[in-house]
Amino acid sequence: MAKRTLVVYPTKDAVAQAGAQRLLLAIADMLGERLDGGKTRNRVDVALTGGSDTIKALEYMASNPLTDTIDWTRVHLWWADERFVAADDNDRNALQARRMLLDRLVADGRLPESNIHEMAADTRNAADIAAADDATTDTLLDKAARAYERELTRELGAVPVMDIAVMGMGPDGHYASLFPGHAEVSIADRLVVGVNHSPKMPPLRLSMTAPLLAQTRRMWFLTAGAGKADALAHVFATRNDPAWPSSFADATGELVWFTTPDAAAQL
């Protein structure tokens, strides 16, 4: 298990700025790293999520001069979770990331569209969604989850590894779309799962599993605000507690929470 590290910044905005700067520097460092034989890495794989803190960090990346120094042709973007909604739905994590940063990089010819690995969107119409029973919905979600698993293993091998995962944590302690009181947080034999009846809207989601995320080399949480204080205290007090899903978070290298004084007040 990775050692948990807490880094406290004075404001929520500072957390987002620090997350942006650290992510860009880490990508640049890995791309420039000399491996055996003097070769450099051919790629860096980064997992993103939604949430106000992580999306704000992407916004800061868009205006950071370091962004223009990165060889984005060697950077691949994945999602630790996604809202299973239409591709043009504002709730969609990938759409928010595209609007903040990725579409600009694609338009400038710096980031290949093929390096953006989105989870599936819901292509059904409103009537079909309303008419679907749980069994039908679960089957659809599982099909989408397995498709993402195939993409992961095709690109990264049987045991996919993210170089960096930039996560958020909810006031209930969830991360990705692994929620308290839901079985998905304890699933150990899948890479990606579907989530039905999410306690947070929208109700249908896809999520990387805790074991897959635990293979990440550097897992960073951007977690700001007093509303996260209770969850953060519980998470730091235990490991692998389904009541506090973020307590499952692990990494093979760094495991860091970037937070604010009010969020860390109970530690």
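Number 929 in my numbering belongs to position 139 of the sequence shown; there are no gaps in the numbering.
Quick reminder that beta carbons are idealized off the backbone N, C-alpha and C, glycines included.
8 Å contact criterion, which residue i and residue j should meet: CB distance rounded
i, j, result
"Ala935", "Met890", "Actually they do not touch by this definition, with Cβ atoms about 26 Å apart."
"Leu825", "Arg831", "7 Å"
"Glu799", "Thr1050", "In the sequence as presented, Glu is not what sits at residue 799; that position holds Tyr. Yes, Tyr799 and Thr1050 are in contact; Cβ-Cβ is about 6 Å, under 8 Å."
"Phe1011", "Phe1048", "7 Å"
"Thr1006", "Val1046", "Not confirmed; about 12 Å, so no contact."
Helix, strand or coil at residue i [DSSP, three-state]
i, result
"Trp869", "strand"
"Ala1055", "coil"
"Arg936", "helix"
"Glu1044", "strand"
"Phe1011", "strand"
"Ala837", "strand"
"Val985", "strand"
"Ser773", "The structure shown does not extend to residue 773, since the chain is modelled only from 791 to 1057, so the question has no answer here."
"Thr844", "helix"
"Arg824", "strand"
"Thr1050", "coil"
"Thr801", "coil"
Chain C within 8 Å of residue i, Cβ atoms only
i, result
"Ala852", "Of the protein chains in the structure, only one exists, and it is not chain C."
Residue interval of the beta strand (DSSP E) (run including residue i)
i, result
"Leu796", "794-798"
"Gly899", "That residue, Gly899, is in no beta strand (DSSP E); it is neither H nor E in DSSP."
"Met998", "995-998"
Residue range of the alpha helix (DSSP H) that includes residue i
i, result
"Met909", "Element bounds for Met909: n/a, residue is neither H nor E."
"Val1005", "Per the sequence presented here, residue 1005 reads as Gln, with Val not at that position. Here Gln1005 belongs to no alpha helix (DSSP H), and DSSP marks it neither H nor E."
"Asp1020", "1019-1027"
"Ala884", "883-887"
Flag this pair as touching only if the segment 976-991 and the segment 1040-1047 have three or more C-beta atom pairs under 8 Å; answer yes or no.
no
What are the complete beta strand (DSSP E) segments, minimum 3 residues, inside the segment 921-977?
954-957
Say whether the segment 966-982 touches the segment 995-1004, bearing in mind that this needs 3 or more beta-carbon pairs closer than 8 Å, one atom from each stretch.
yes
Quick check: the segment 860-871 against the segment 902-915, are at least 3 beta-carbon pairs closer than 8 Å?
yes
With a cut-off of 8 Å, do at least 3 Cβ pairs link the segment 1018-1034 to the segment 955-973?
yes
The segment 921-941 / the segment 801-821 touching (three or more Cβ pairs under 8 Å)
no
Cβ pair count under 8 Å reaching 3, the segment 808-823 against the segment 921-930:
no
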